[in-house]
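Sequences listed follow chains A and B, in order. Residue numbers for the first sequence, in the numbering used here: 46 to 268. Residue numbers for the second sequence, in the numbering used here: 36 to 437.
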Amino acid sequence: MITLENITKTYHLGDMEVPILRGIDLQIEASEYVSIMGASGSGKSTLMNIMGCLDQPTAGRYCLNDRELTTLTKDELAYIRNQQIGFVFQQFNLLPRATALENVMLPMVYGGIPKAERQIRAEAALTHVGLRDRMANRPSQLSGGQQQRVAIARALVNQPAILLADEPTGALDTHTSQEVMNLFHELNEQAITVIVITHETEVAAQTKRRIRIQDGQIVDASR
Amino acid sequence: MALEALWSNKLRSSLTMLGVIIGIGSVISLTSIGQGIQKSTEDNIRSLGTDVLQVMAGAAESGGISQGQGSVSTLTWEDAQAIAEQAPSATTVSAYLQRQAQVVYGEENTSTTVYGTDLAHPDARNTFPESGRFFTQEELTFADSVAVIAPTVQDNLFPPNVDPIGETIRIQGEIYNVIGVMEEKGSQGPQDRDDAVYIPLTSMSARIIGNNSLMGVSVNGIYIKGENEDQLETIKFQVENILRLRHGIATPSDDDFQITNQADILETLTTILGLLTTMIVAIAGISLIVGGIGIANIMLVSVVERTREIGIRKALGATERDILSQFLTESIVISVIGGSIGIGTGVGITLIAATVFGFPFIVSTSAVVVGFVLSTSVGLVAGVIPARNAAKLDPIVALRSD
Chain A
46 MITLENITKT
56 YHLGDMEVPI
66 LRGIDLQIEA
76 SEYVSIMGAS
86 GSGKSTLMNI
96 MGCLDQPTAG
106 RYCLNDRELT
116 TLTKDELAYI
126 RNQQIGFVFQ
136 QFNLLPRATA
146 LENVMLPMVY
156 GGIPKAERQI
166 RAEAALTHVG
176 LRDRMANRPS
186 QLSGGQQQRV
196 AIARALVNQP
206 AILLADEPTG
216 ALDTHTSQEV
226 MNLFHELNEQ
236 AITVIVITHE
246 TEVAAQTKRR
256 IRIQDGQIVD
266 ASR
Chain B
36 MALEALWSNK
46 LRSSLTMLGV
56 IIGIGSVISL
66 TSIGQGIQKS
76 TEDNIRSLGT
86 DVLQVMAGAA
96 ESGGISQGQG
106 SVSTLTWEDA
116 QAIAEQAPSA
126 TTVSAYLQRQ
136 AQVVYGEENT
146 STTVYGTDLA
156 HPDARNTFPE
166 SGRFFTQEEL
176 TFADSVAVIA
186 PTVQDNLFPP
196 NVDPIGETIR
206 IQGEIYNVIG
216 VMEEKGSQGP
226 QDRDDAVYIP
236 LTSMSARIIG
246 NNSLMGVSVN
256 GIYIKGENED
266 QLETIKFQVE
276 NILRLRHGIA
286 TPSDDDFQIT
296 NQADILETLT
306 TILGLLTTMI
316 VAIAGISLIV
326 GGIGIANIML
336 VSVVERTREI
346 GIRKALGATE
356 RDILSQFLTE
366 SIVISVIGGS
376 IGIGTGVGIT
386 LIAATVFGFP
396 FIVSTSAVVV
406 GFVLSTSVGL
416 VAGVIPARNA
426 AKLDPIVALR
436 SD
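Laid out in structure tokens, this is it:
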């Protein structure tokens, strides 16, 4: 499903070239439950951003569902983000002035789904993550765990094939972290590919495949 | 969605709108008020009659210091009569004497301008009795003690329930019978034409001024009217010749009289008022610019502030076009609503000012159009340019910003 071939990413800081990813080769199949682990600065977030089409590799090939992505236009990438990928961020990244329901409806706005259906699907998604009676609340009126669940509902509402989570438990306590991980497990049972970026071994331990990354290179990608 | 974004940040939206409102409102009201004042001043001068020439005794010089027009008594009633007879283009010729004097009725008294005039005065000045009558040839010939008062004098001297006609007033102690009240003419600049008393020129000369000379009855000025405005140049030429002949003047630089034309005055005033209006418009333009900078500033800050929001939206699948159209819609809505309120405010202020200060209510269409178009486009440009830059960012760059 996801194929990365010799992906490199280099940042330019003034005259200095800082390599972040140095030749990543990776295959992830549909319905896998994967964690990508590494110390901070290892390049794991950059890898996720490239897999999520939020960032472009400096070189290498990236195929999603046998489709070469490195040549696509910005609009085509936006469409792929909208339809195939759901994002969960460490800092939740909800729109602060919008309600939980409006936040969840947002991907469907860009997906061109009619307003009435948006409402029904967003309500269903929020109910699914257990926030049925919090739909009219703004992010500031929700706890961290609740905000992350809103973000997960938002990530799932367009029925993506892949869920990309960047340190999803990083801002949460142990108890709520476990709730989120349970939710990911449940989603994976429903055949969604879940990729979790983390530096916590307890989190990685719950995934089915652990990929370790160090200094921009994969050191262990065993299944 | 754009509307929701606007509504969710009411303070920012209303501040931006305020910039538009102040910009447009001030342009419209300042320009309109300027035009209204200009129009009312022009109308006032026009109502004096632009078909009138005024001859005044020339400025006397005393040790090189000008004593002002009419300060020498070189102009006489006989001059006026000669002009009436000899200037073929002059249809109405009226001489007058004027003096500030105390006028008393019973316990009341007022200081007003007393005019000694001949019978042609109502025609020449386009002002007629509202009630009663003007004096007759007989009363003029015999220097009778009759007076026609103007409305302000009536208000100052007589209680509302007293009909002034038939009453007796004292002008500088001399007793006069009121035979008429003039119609209301309004004030022209500093000169209030309703604050006046008219008496026969002969009576004024003999009893109020008291300087009947061998030269005849000296007067302060002569009004001359022609068929129409086009005749005025011809009349001016004729009058100059007649007066130079009568006064024995060989060269024009020795003239002991001055001829002024209301049309010339109107032209001068129009030029001055035009300059004034231009200045007002310039001030209004500055406030429009200030308003525009306000809009630009708030829009700019709002876009920078919302780069993260743009990043989130892009991560969720928004295209550059989606982002841009959202900000465009926001800018349009703010500018158009603000612009409409601004037009309303400007028109309202103009209406209030016109009512309070009594000039005609004119709304400058060009100010409305220019103000609206300018501030709307400032709002658009200021909103869209930074939004376009933000929309072009890589989603990850936008997401990382705080």
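We put the beta carbon where it would ideally sit given N, CA and C, even for glycine. Bear in mind the structure is a predicted one, so any value in this text is a computation, not a measurement.
Residues that residue i contacts on chain A, provided the C-beta gap is smaller than 8 Å
{"i": "GLU340 (chain B)", "result": "The contacting residues do not exist; GLU340 (chain B) stays about 11 Å from chain A at best."}
{"i": "GLU344 (chain B)", "result": "LEU140"}
Contacts that residue i makes with chain B (C-beta to C-beta distance below 8 Å)
{"i": "GLY156 (chain A)", "result": "GLY352"}
{"i": "PRO159 (chain A)", "result": "Neighbours of PRO159 (chain A) on chain B: none; closest Cβ ~14 Å, over 8 Å."}
{"i": "PHE132 (chain A)", "result": "ALA350 and LEU351"}
Limits of the unbroken alpha helix (DSSP H) element including residue i
{"i": "THR312 (chain B)", "result": "297 to 340"}
{"i": "GLY189 (chain A)", "result": "189 to 201"}
{"i": "LYS427 (chain B)", "result": "400 to 427"}
{"i": "SER375 (chain B)", "result": "355 to 392"}
{"i": "GLU231 (chain A)", "result": "219 to 234"}
{"i": "PHE272 (chain B)", "result": "267 to 282"}
{"i": "PRO152 (chain A)", "result": "145 to 155"}
{"i": "ASP190 (chain B)", "result": "186 to 192"}
{"i": "VAL432 (chain B)", "result": "430 to 435"}
{"i": "LEU351 (chain B)", "result": "Neither: LEU351 (chain B) is in no alpha helix (DSSP H) and is coded neither H nor E."}
{"i": "LEU132 (chain B)", "result": "Premise fails: LEU132 (chain B) lies in the beta strand (DSSP E), 125 to 140, not in any alpha helix (DSSP H)."}
{"i": "ASP120 (chain A)", "result": "119 to 129"}
{"i": "ASP158 (chain B)", "result": "156 to 160"}
{"i": "LEU175 (chain B)", "result": "172 to 176"}
Cross-chain neighbours of residue i in chain B, by beta carbon under 7 Å
{"i": "ASN127 (chain A)", "result": "LEU351 and GLY352"}
{"i": "TYR124 (chain A)", "result": "GLY352"}
Contact with chain A by residue i, beta-carbon distance below 8 Å
{"i": "PRO421 (chain B)", "result": "no"}
{"i": "ILE347 (chain B)", "result": "yes"}
{"i": "ASN44 (chain B)", "result": "yes"}
{"i": "LEU434 (chain B)", "result": "yes"}
{"i": "GLU355 (chain B)", "result": "yes"}
Proximity test, residue i beta-carbon vs the ligand NAD heavy atom, cut-off 7 Å
{"i": "HIS220 (chain A)", "result": "Ligands are entirely absent from the displayed structure, and the ligand NAD is therefore not among its contents."}
Inter-residue Cα distance where the pair is residue i and residue j
{"i": "GLN104 (chain B)", "j": "ILE300 (chain B)", "result": "Reliability of the predicted coordinates at GLN104 (chain B) is poor, the pLDDT of 48 falling under 50, and the value obtained from them is presented with this limitation in mind. Rounded to whole angstroms, GLN104 (chain B) to ILE300 (chain B) spans 16 Å at the Cα level."}
{"i": "ALA216 (chain A)", "j": "GLY352 (chain B)", "result": "25 Å"}
{"i": "VAL79 (chain A)", "j": "ILE52 (chain A)", "result": "19 Å"}
{"i": "ARG81 (chain B)", "j": "VAL183 (chain B)", "result": "24 Å"}
{"i": "GLU147 (chain A)", "j": "ILE333 (chain B)", "result": "25 Å"}
{"i": "ILE324 (chain B)", "j": "PHE392 (chain B)", "result": "28 Å"}
{"i": "VAL413 (chain B)", "j": "GLY327 (chain B)", "result": "6 Å"}
{"i": "THR144 (chain A)", "j": "GLY175 (chain A)", "result": "16 Å"}
{"i": "LEU110 (chain B)", "j": "ASP179 (chain B)", "result": "23 Å"}
{"i": "MET46 (chain A)", "j": "GLY373 (chain B)", "result": "52 Å"}
{"i": "MET364 (chain B)", "j": "ILE56 (chain B)", "result": "First, the residue type needs correcting, since residue 364 (chain B) is Thr and not Met in the sequence shown. Going by the C-alpha atoms only, they are around 18 Å apart."}
{"i": "VAL382 (chain B)", "j": "SER401 (chain B)", "result": "13 Å"}
{"i": "ASN11 (chain A)", "j": "ARG356 (chain B)", "result": "Residue 11 (chain A) lies beyond the range of chain A shown here (46 to 268); nothing can be said about it."}
{"i": "LYS253 (chain A)", "j": "ARG268 (chain A)", "result": "8 Å"}
{"i": "ILE321 (chain B)", "j": "SER129 (chain B)", "result": "50 Å"}
{"i": "LEU187 (chain A)", "j": "ARG341 (chain B)", "result": "21 Å"}
Chain B within 8 Å of residue i, Cβ atoms only
{"i": "LYS119 (chain A)", "result": "yes"}
{"i": "ARG194 (chain A)", "result": "no"}
{"i": "GLY163 (chain A)", "result": "Note on identity: in this sequence residue 163 (chain A) is Arg, with Gly being the wrong assignment. With 8 Å as the cut-off, ARG163 (chain A) does not count as an interface residue toward chain B."}
{"i": "PRO152 (chain A)", "result": "yes"}
Within chain A, partners of residue i - CB distance below 7 Å
{"i": "ILE431 (chain B)", "result": "ASN94, LEU99 and ASP100"}
Minimum C-alpha distance to residue i - residue among the options
{"i": "VAL336 (chain B)", "options": "B:ARG47, B:ASP230, B:GLY393 and B:LYS260", "result": "B:ARG47"}
{"i": "ARG166 (chain A)", "options": "A:GLN191, A:VAL202 and A:SER222", "result": "A:VAL202"}
{"i": "ASP260 (chain A)", "options": "A:GLU50, A:ASP218, A:ILE69 and A:VAL241", "result": "A:ILE69"}
{"i": "GLU174 (chain B)", "options": "B:GLY208, B:ASN212 and B:VAL274", "result": "B:ASN212"}
{"i": "TYR258 (chain B)", "options": "B:ALA92, B:ALA159, B:ILE369 and B:THR390", "result": "B:ALA159"}
{"i": "VAL239 (chain A)", "options": "A:PHE132, A:ILE258 and A:LEU139", "result": "A:PHE132"}
{"i": "GLU165 (chain B)", "options": "B:GLY141, B:ASN144 and B:ILE200", "result": "B:ILE200"}
{"i": "LEU409 (chain B)", "options": "B:ARG435, B:ALA433, B:SER370 and B:PRO421", "result": "B:SER370"}
{"i": "LEU65 (chain B)", "options": "B:LEU428, B:THR312 and B:VAL368", "result": "B:THR312"}
{"i": "GLN271 (chain A)", "options": "A:GLU168, A:ILE207 and A:THR221", "result": "Given that chain A is displayed from residue 46 to residue 268, the structure contains no residue 271 (chain A) and the question cannot be resolved."}
{"i": "GLU302 (chain B)", "options": "B:ILE56, B:LEU41, B:GLN73 and B:GLY54", "result": "B:GLN73"}
{"i": "ASN138 (chain A)", "options": "A:GLU247, A:GLU212 and A:GLN101", "result": "A:GLU212"}
{"i": "THR306 (chain B)", "options": "B:GLU77, B:PHE169, B:VAL416 and B:THR269", "result": "B:GLU77"}
{"i": "THR103 (chain A)", "options": "A:ILE242, A:THR115, A:LYS89 and A:GLN136", "result": "A:THR115"}
Interface residues of chain A facing residue i [CB-CB closer than 9 Å]
{"i": "LEU363 (chain B)", "result": "Per Cβ cutoff of 9 Å: no residues; LEU363 (chain B) is ~16 Å from chain A at best."}
Residue i: first and last residue of the uninterrupted beta strand (DSSP E) it sits in
{"i": "SER166 (chain B)", "result": "164 to 167"}
{"i": "ALA161 (chain A)", "result": "Per DSSP, ALA161 (chain A) belongs to no beta strand (DSSP E); it is in the alpha helix (DSSP H), 160 to 173."}
{"i": "GLN262 (chain A)", "result": "262 to 265"}
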